[in-house]
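Below: the structure, in structure tokens.
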Amino acid sequence: MDQDIILFIVVATALAFDFTNGFHDTANVVATSISTRALNPRVAVALAAVLNFVGAFLSLEVASTIANNIVDQGAVTTTIVFAGLVGAIVWNLVTWYFGLPSSSSHALIGGIVGAMFVAVGTSAIHGDGIVSKVLVPALIAPLLAFAAAGLAILCAYRIVGKLAPGPVSRGFRVGQIFSGGLLALAHGTNDAQKTMGIITLALISSGHLGADASVPTWVVVSAATAIALGTYMGGWRIIKTMGSRIIKMDAAQGFAAQGSGSAVILAATHFGYPLSTTHTISGAVMGAGAAKRLSAVRWGVAGNILVAWVLTLPASAFVGGLVYAITQLFGDGAAGPIVVAAAGVALVGFIFARRLQKGAAITTTATEGSA
Amino acid sequence: MSLPGVETVAPLAAKIVDWGQLLEVVEAGLIAGVGVTIAFSLLILGAVRAGEAQHQSRPLAMVGYGAVALIGLAICLGAIIFGVSTMLSK
Chain A
0 MDQDIILFIV VATALAFDFT NGFHDTANVV ATSISTRALN PRVAVALAAV
50 LNFVGAFLSL EVASTIANNI VDQGAVTTTI VFAGLVGAIV WNLVTWYFGL
100 PSSSSHALIG GIVGAMFVAV GTSAIHGDGI VSKVLVPALI APLLAFAAAG
150 LAILCAYRIV GKLAPGPVSR GFRVGQIFSG GLLALAHGTN DAQKTMGIIT
200 LALISSGHLG ADASVPTWVV VSAATAIALG TYMGGWRIIK TMGSRIIKMD
250 AAQGFAAQGS GSAVILAATH FGYPLSTTHT ISGAVMGAGA AKRLSAVRWG
300 VAGNILVAWV LTLPASAFVG GLVYAITQLF GDGAAGPIVV AAAGVALVGF
350 IFARRLQKGA AITTTATEGS A
Chain B
0 MSLPGVETVA PLAAKIVDWG QLLEVVEAGL IAGVGVTIAF SLLILGAVRA
50 GEAQHQSRPL AMVGYGAVAL IGLAICLGAI IFGVSTMLSK
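First to last, the protein sequences are chains A and B.
The numbering of the first sequence is numbering that gives the first Met the number 0, which starts it at 0 and goes up by one.
The numbering of the second sequence is numbering that gives the first Met the number 0, which starts it at 0 and goes up by one.
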């Protein structure tokens, strides 16, 4: 009975994480399209939501769950997964509050590593996996995207520089609809997969599924729906940072950032080296701005984003470990996860109630107004 | 004289990180990233110039720029197909 309750809480928490993932990472997909006026903000977010939903169905290979290569899967319990998810959700909400784009995948990895560290110790953590699958890609993605988008925008200006600006801007805006769409599909495929993997892992570890079972249809549909709903709600604070606070971009820069960012992500995925969407697109936006003029990039904002990236793993690991420790204060049963989940729901309810008392989120209006 | 610890860190890094694969990713990422934008810029250039040539009754220029636009379009469509097929296969 206890295991069933914990499993229910883990599934609900995983879907809540998926929602924050869509909510948090919407900016990656739509920010440049909105800031260059390629798309109306509501249309851009709705399109991204639909494509995220579709993307979640494109590939159903769950072989690489988020825990694969990072921790010893044999030692994973549903309570560890729960604590890791809470760590990731907390970090996603903190970075959303400050309007900073950070990797939801890194937050999830950090949360699970932290919970595993407190539960089992260092022996169950694969340090080499963290270096090769997390830290090296985290360094490569923004640098590669920065260079690709920088070179791309220089080439684009050279090719279309002598044309009338009107048709060029219109052309690049149309191109952004496709590059943004491809990015949304890639995001749905990658990120909804992680939640599906986590829920499947919990179902296997609780004995509801066999070790070689495929992902149940209800898991696919619920994960796709959660990430699409989160995307539709839109993290307007981060959209504002990505779309206009790093650089003020024109349509060509927007296309170069989105187009080269998507191409870098998919080319890397083709070689079996998936890169973080957040890191890649943030690097591409900076590259597209810096190539035009170094001072065009607001380096203070870029510095804040870098700090958030560096802090993501340790901060989410700290929260994940702390949550695991708190759950253990109530014993090995379902009481700990129930108390933490209830406290989390109450806190989120309190924040939303305060927000409602203060009126609509000003960032939504500001972003739509500026677009 | 090498820095202390370099002798142990370098082989460890080589063991953990597949530098060959990483180089492939950097090459492919740069080529694809820059290539897509160049192709789309050529599509815009070809389309705009072909339209101008049509207004100025220069059929040869119109065909030439039209071909440039078509090549750019073909590369962009190829990139989209490659992207979707990569998502389907991974």
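The beta carbon of each residue, even a glycine, is placed where N, CA and C say it ideally should be.
Have a look at residue i and residue j and give me their C-alpha separation to the nearest angstrom.
| i | j | result |
| --- | --- | --- |
| B/Ser-88 | A/Phe-329 | 44 Å |
| B/Leu-69 | B/Ile-37 | 13 Å |
| A/Ala-66 | A/Phe-52 | Any reading at A/Ala-66 must be qualified, since the residue scores a pLDDT of 48, below 50, and its modelled position is unreliable; the value itself is stated next. When rounded, the distance between both Cα atoms is 23 Å. |
| A/Thr-371 | B/His-54 | Residue 371 of chain A cannot be examined here, being either before or after the span of chain A that is shown, 0 to 370. |
| B/Ile-80 | A/Thr-268 | 14 Å |
| A/Thr-19 | A/Leu-162 | 42 Å |
| A/Cys-154 | A/Ser-259 | 12 Å |
| A/Ala-144 | A/Arg-292 | 17 Å |
| A/Ile-280 | A/Gln-257 | 7 Å |
| A/Gly-206 | A/Leu-6 | 10 Å |
| A/Thr-194 | A/Ile-69 | 16 Å |
| A/Gly-332 | A/Phe-254 | 52 Å |
| A/Ala-11 | A/Val-85 | 11 Å |
| A/Trp-95 | A/Ile-33 | 18 Å |
| A/Val-347 | A/Trp-90 | 14 Å |
| A/Met-115 | A/Pro-313 | 13 Å |
| A/Leu-150 | A/Ala-250 | 16 Å |
| A/Ile-4 | B/Ile-74 | 52 Å |
| A/Thr-371 | A/Ala-201 | No information on residue 371 of chain A is available, as it lies outside the stretch 0 to 370 that chain A covers here. |
| A/Tyr-272 | A/Tyr-231 | 28 Å |
| A/Asn-39 | A/Phe-171 | 15 Å |
| B/Glu-51 | A/Phe-177 | 26 Å |
| A/Ile-129 | A/Ile-139 | 14 Å |
| A/Thr-240 | A/Arg-41 | 17 Å |
| A/Lys-132 | A/Ala-345 | 35 Å |
| A/Phe-56 | A/Ile-350 | 33 Å |
| A/His-125 | A/Tyr-156 | 46 Å |
| A/His-278 | A/Gly-109 | 16 Å |
| A/Val-93 | B/Met-61 | 55 Å |
| A/Ile-191 | A/Gln-72 | The sequence given here has Ala at residue 191 of chain A, not Ile. Between A/Ala-191 and A/Gln-72, the C-alpha separation is close to 20 Å. |
| A/Leu-59 | B/Tyr-64 | Confidence in A/Leu-59 is poor, its pLDDT being 48 and thus under 50, which makes the residue's placement unreliable; the coordinate value appears in the next sentence. The alpha-carbon atoms of A/Leu-59 and B/Tyr-64 are separated by roughly 43 Å. |
| B/Trp-18 | A/Leu-134 | 14 Å |
| A/Ser-103 | B/Ala-46 | 40 Å |
| A/Asp-127 | A/Trp-235 | 36 Å |
| B/Phe-39 | A/Gly-174 | 8 Å |
| A/Ile-237 | A/Met-248 | 16 Å |
| B/Ser-56 | A/Gly-165 | 22 Å |
| A/Ile-304 | A/Ala-290 | 19 Å |
| A/Gly-209 | A/Gly-343 | 31 Å |
Look at the Cβ atom of residue i, then the Cβ atom of residue j, and state whether they are nearer than 8 Å.
| i | j | result |
| --- | --- | --- |
| A/Ala-26 | A/Pro-100 | yes |
| B/Gly-32 | A/Val-263 | yes |
| A/Met-246 | A/Val-306 | The residue you asked about is not Met; residue 246 of chain A is Ile in the sequence shown. No. |
| A/His-23 | A/Thr-311 | no |
| A/Gly-319 | A/Ala-15 | no |
| A/Asp-17 | A/Ile-226 | yes |
| A/Pro-336 | A/Ile-8 | yes |
| A/Thr-326 | A/Thr-35 | no |
| A/Gly-54 | A/His-186 | yes |
| A/Gly-21 | A/Leu-265 | no |
| A/Leu-182 | A/Ser-275 | no |
| A/Ala-283 | A/Ala-148 | yes |
| A/Val-117 | A/Ala-324 | yes |
| A/Ile-152 | A/Gln-252 | yes |
| A/Ala-316 | A/Val-44 | no |
| B/Val-25 | A/Phe-270 | no |
Hey, does residue i have any beta-carbon neighbour from chain E nearer than 8 Å?
| i | result |
| --- | --- |
| A/Val-167 | No chain E is part of this structure, whose protein chains are labelled A and B. |
Roughly how far, in whole angstroms, is the beta-carbon of residue i from the beta-carbon of residue j, given that I think they are within contact range, below 8 Å?
| i | j | result |
| --- | --- | --- |
| A/Gly-196 | A/Leu-46 | The pair is not a contact, with the Cβ atoms about 26 Å apart (cut-off 8 Å). |
| B/Leu-72 | B/Leu-42 | 5 Å |
| A/Ile-198 | A/Val-218 | 5 Å |
| A/Leu-184 | B/Met-86 | 6 Å |
| A/Gly-286 | A/Ala-146 | 6 Å |
| B/Ala-66 | B/Val-35 | Between B/Val-35 and B/Ala-66 the Cβ distance is about 19 Å, and since that is not below 8 Å, they are no contact. |
| A/Ala-87 | A/Leu-107 | 4 Å |
Using only the heavy atoms of the ligand GTP, determine whether one of them is closer than 7 Å to the beta carbon of residue i.
| i | result |
| --- | --- |
| A/His-186 | Inclusion of the ligand GTP in the displayed structure is not the case, the ligand content being empty and no account of it being possible. |
* **Complete beta strand (DSSP E) runs within the segment 63-92 of chain A (minimum length 3 residues, chain order)** => none
* **Members of the segment 24-47 of chain B that neighbour chain A once the beta carbon cut-off is set at 8 Å** => Val-24, Val-25, Ala-27, Gly-28, Leu-29, Ile-30, Ala-31, Gly-32, Val-33, Gly-34, Val-35, Thr-36, Ile-37, Phe-39, Ser-40, Leu-41, Leu-42, Ile-43, Leu-44, Ala-46, Val-47
* **Within 7 Å of chain B by C-beta, residues of the segment 173-199 of chain A in sequence order** => Gly-174, Phe-177, Leu-181, Leu-184, Ala-185, Thr-188
* Starting from the N-terminal side, write out each stretch of the alpha helix (DSSP H) that is 4 residues or longer and does not extend beyond the segment 122-179 of chain A. => 126-129, 135-159
* **Short-range partners of chain B found in the segment 266-282 of chain A, where Cβ spacing is below 7 Å** => Ala-266, Ala-267, Thr-268, His-269, Phe-270, Tyr-272
* **Residues of the segment 59-70 of chain B whose Cβ lies closer than 8 Å to any Cβ of chain A, in chain order** => none
* Under 7 Å (Cβ pairs) to chain B, residues found in the segment 251-264 of chain A -> Phe-254, Ala-255, Gly-258, Ser-259, Ser-261, Ala-262, Val-263
* To do: Check distances from the C-beta atoms of the segment 139-158 of chain A to those of chain B and list, in chain order, the residues that come in under 8 Å.
  => Ile-139, Leu-143, Ala-144, Ala-146, Ala-147, Ala-148, Leu-150, Ala-151, Ile-152, Cys-154, Ala-155, Ile-158
* Enumerated in chain order, which unbroken segments of the alpha helix (DSSP H) with a length of 4 residues or greater are wholly contained in the segment 310-352 of chain A? -> none
* To do: Could you tell me which uninterrupted alpha helix (DSSP H) segments, each at least 4 residues in length, are contained entirely in the segment 174-246 of chain A, listed from first to last along the chain?
  => 216-232, 235-239
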